[in-house]
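There are 2 protein chains.
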Amino acid sequence: MVDPLTFDSRLARILTVAAKVFAGKGFHPTTMRALSRETEMSLAGIYHYVSGKNELLYLIQQRCFSAVLAGAERALADGHGPADRLERFIRHHVGFFASHMSEMKVLAHEADSLDGVRLADINGLKRRYVDLLRTLVADLDDNSPKGDPQVAAYALFGMMNWIYTWYHPDGPISPDALADRFAQLFLSGVIAPSPSTAPQGD
Amino acid sequence: MVDPLTFDSRLARILTVAAKVFAGKGFHPTTMRALSRETEMSLAGIYHYVSGKNELLYLIQQRCFSAVLAGAERALADGHGPADRLERFIRHHVGFFASHMSEMKVLAHEADSLDGVRLADINGLKRRYVDLLRTLVADLDDNSPKGDPQVAAYALFGMMNWIYTWYHPDGPISPDALADRFAQLFLSGVIAPSPSTAPQGD
DNA sequence: CGACCATTCGAACGTTCGTTCGGTAAGGAA
DNA sequence: TTCCTTACCGAACGAACGTTCGAATGGTCG
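Residue numbers (the working numbering), protein chains in the order written: chain C, 3 to 204; chain X, 3 to 204.
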């Protein structure tokens, strides 16, 4: 009888568990023995699926980054106007973050834990992702270069990525509500007239 | 002749060097042997000043956090009005960050690398600092509880603290300019009417 | 002088780490 | 049956780690 679980599905399970452990106590303090305990697999058995601890981190980051990037491009596809597209990006990023907390925390917090070509590969994805947001920000006001869109893009990324230090998706604030608040904050600021007093222009 | 360097000043030098190394390659990957190389002191010699690697991290975080906290309270002392006080906080935080990059990166990035009473102590300082900013944000609009000031405060912290991943104080953007941009972004958003029609107010 | 203390160090100790080695068990193909 | 491949594991290896030990130095004080 053939094993009903494929190699890939079992690798994926290992990556999911590893992402949780990495997110919980950090990449470097996590030992392969801890992963073998958590995956209920022998220490040596893990090496049948990955070449080592670094590849584990690389695969987590590579798959996660590819997924956010593809998801963002999909979410932007049918956006109408610069502001709408930016809002869609924010909503997708926050939503993806909230539903893939461990992987995204590993992506954000262990960005420099790889080296060599693996780091270069992940940084390539990062550059594409940052460029995407910077373009969206720049498109907001084409003719008034008052502020560096790159700075604004990084500010927005900071706002969103920092949530791994304080936000709990199961708490009182839903990911959607958080995304809405972030979009409002970034577009209009804190002291923006709340929509309740009805400042809507259209 | 008495050594012109005091115990405290030499400890401070060790902490400065250690903060640089921790910021460069992370707390856990940094070895005591690397610190002994960087401080030009023997491996065992370091243990004359600190009890171990964890205390090194603790002292860096404790001193740095106490300094930002005290500095912020000083900066706020003679502020006029909620918006002005918030702007002063931002300016101080970004300015302090830029002039103490290594320590602040260690503070932000190694927030969970301590444990026990040391972690609890640092978290106590963090709570005071976060509470301070949340109060400033809440004071902006007393009577319209449209948005959770805690969320806005965390968003602002994310915006500011994330700079350790991309900002270089010696680059084209001065810390003052960055703080101005952040204040403008947080208060009015990206699409705020720029003061470009009359940028110079005085 | 001798006793003391602060400072520094080379060398080692014990532990833990990532990884590898050599093997077992089982299913499919011949 | 035999042979090959996949999946998995217990045990060990070598390296690196944080920390400690015992001693040396040099200045101060009595």
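Glycine residues also receive a C-beta, built at the ideal position from the N, C-alpha and C atoms. Given the structure is predicted, the values throughout are model-derived calculations rather than measurements.
Between the alpha carbons of residue i and residue j, how many angstroms are there, rounded?
i               : j               : result
C66 of chain X  : A179 of chain X : 23 angstroms
A20 of chain X  : E57 of chain X  : 11 angstroms
G97 of chain C  : E89 of chain X  : 30 angstroms
L78 of chain C  : L158 of chain C : 17 angstroms
L116 of chain C : R15 of chain C  : 21 angstroms
S198 of chain C : H111 of chain C : Unreliable positioning characterises S198 of chain C in this predicted model, as indicated by a pLDDT of 43, which lies under 50. The coordinate reading is nonetheless provided below. S198 of chain C and H111 of chain C: Cα-Cα distance of roughly 37 angstroms.
L61 of chain X  : E75 of chain X  : 21 angstroms
F9 of chain C   : D150 of chain C : 47 angstroms
T167 of chain X : R93 of chain X  : 19 angstroms
P177 of chain X : F91 of chain C  : 28 angstroms
K55 of chain X  : M34 of chain X  : 7 angstroms
M161 of chain X : M161 of chain C : 5 angstroms
R87 of chain C  : K128 of chain C : 19 angstroms
G203 of chain C : R130 of chain X : Low per-residue confidence applies at G203 of chain C: pLDDT is 35, beneath 50, and the placement is therefore not dependable, though the value from the model is reported in the following sentence. Roughly 40 angstroms separates the two Cα atoms.
P174 of chain C : D80 of chain X  : 36 angstroms
L7 of chain X   : G118 of chain C : 42 angstroms
T18 of chain C  : H30 of chain X  : 23 angstroms
G44 of chain C  : R136 of chain X : Before going further, note that residue 44 of chain C is Ser rather than Gly in the sequence given. S44 of chain C and R136 of chain X: Cα-Cα distance of roughly 48 angstroms.
V132 of chain C : K27 of chain X  : 23 angstroms
L134 of chain X : T32 of chain C  : 35 angstroms
L71 of chain C  : L142 of chain X : 36 angstroms
H95 of chain C  : A181 of chain C : 8 angstroms
Y51 of chain X  : L37 of chain C  : 36 angstroms
Y169 of chain X : S53 of chain X  : 33 angstroms
H82 of chain X  : Y49 of chain X  : 48 angstroms
Y156 of chain C : D172 of chain X : 17 angstroms
E42 of chain C  : Q152 of chain X : 40 angstroms
L138 of chain X : L138 of chain C : 31 angstroms
Run through chain C and tell me which residues come within less than 9 angstroms of residue i, C-beta to C-beta.
i               : result
A154 of chain X : R183, L187 and V192
Measuring CA to CA, which of the options is closest to residue i?
i               : options                          : result
R12 of chain C  : C:A25, C:T33, C:G47 and C:F24    : C:G47
A69 of chain C  : C:S44, C:F99, C:P177 and C:M43   : C:F99
G73 of chain C  : C:P84, C:H102, C:A85 and C:S53   : C:H102
A140 of chain X : X:P84, X:L45 and X:D10           : X:P84
W164 of chain C : X:S38, X:A154, X:G81 and X:A181  : X:A154
Q63 of chain C  : C:D182, C:A25, C:G173 and C:R136 : C:A25
E40 of chain C  : C:K22, C:H50 and C:H30           : C:K22
F184 of chain X : C:D182, C:L187 and C:R183        : C:L187
L59 of chain C  : C:L138, C:D114 and C:H82         : C:D114
Along the alpha helix (DSSP H) that carries residue i, what are the first and last residues, could you check?
i               : result
G160 of chain X : P151 to N163
M103 of chain C : M103 to H111
F24 of chain X  : F9 to K27
H62 of chain C  : It is worth fixing the name first, because residue 62 of chain C is Ile in this sequence and not His. Here the alpha helix (DSSP H) through I62 of chain C covers K55 to L78.
D172 of chain C : Here D172 of chain C belongs to no alpha helix (DSSP H), and DSSP marks it neither H nor E.
V139 of chain X : G118 to A140
S38 of chain X  : M34 to E40
G47 of chain C  : L45 to I48
For a contact defined as C-beta to C-beta under 8 angstroms, what are the partners of residue i on chain X?
i               : result
D172 of chain C : Within 8 angstroms Cβ-Cβ: nothing; D172 of chain C doesn't reach chain X, min ~16 angstroms.
A30 of chain C  : According to the sequence shown, residue 30 of chain C is His rather than Ala. Correct list: G28, H30 and P31.
So residue i contacts chain C; which residues on that side make the cut at Cβ distance below 8 angstroms?
i               : result
I175 of chain X : D150 and V153
F159 of chain X : W164
For residue i, which residues in chain X fall below 9 angstroms Cβ to Cβ?
i               : result
D80 of chain C  : The premise fails here: D80 of chain C is roughly 22 angstroms from chain X at the closest Cβ pair, so nothing lies under 9 angstroms.
D141 of chain C : Residues of chain X passing the Cβ test: none, with the nearest at roughly 11 angstroms.
*Any chance the segment 118-134 of chain C sits against the segment 118-132 of chain X, with 3 or more Cβ pairs inside 8 angstroms?*
no
_For the pair the segment 183-195 of chain X and the segment 101-119 of chain X, tell me if three or more CB-CB distances fall below 8 angstroms._
no
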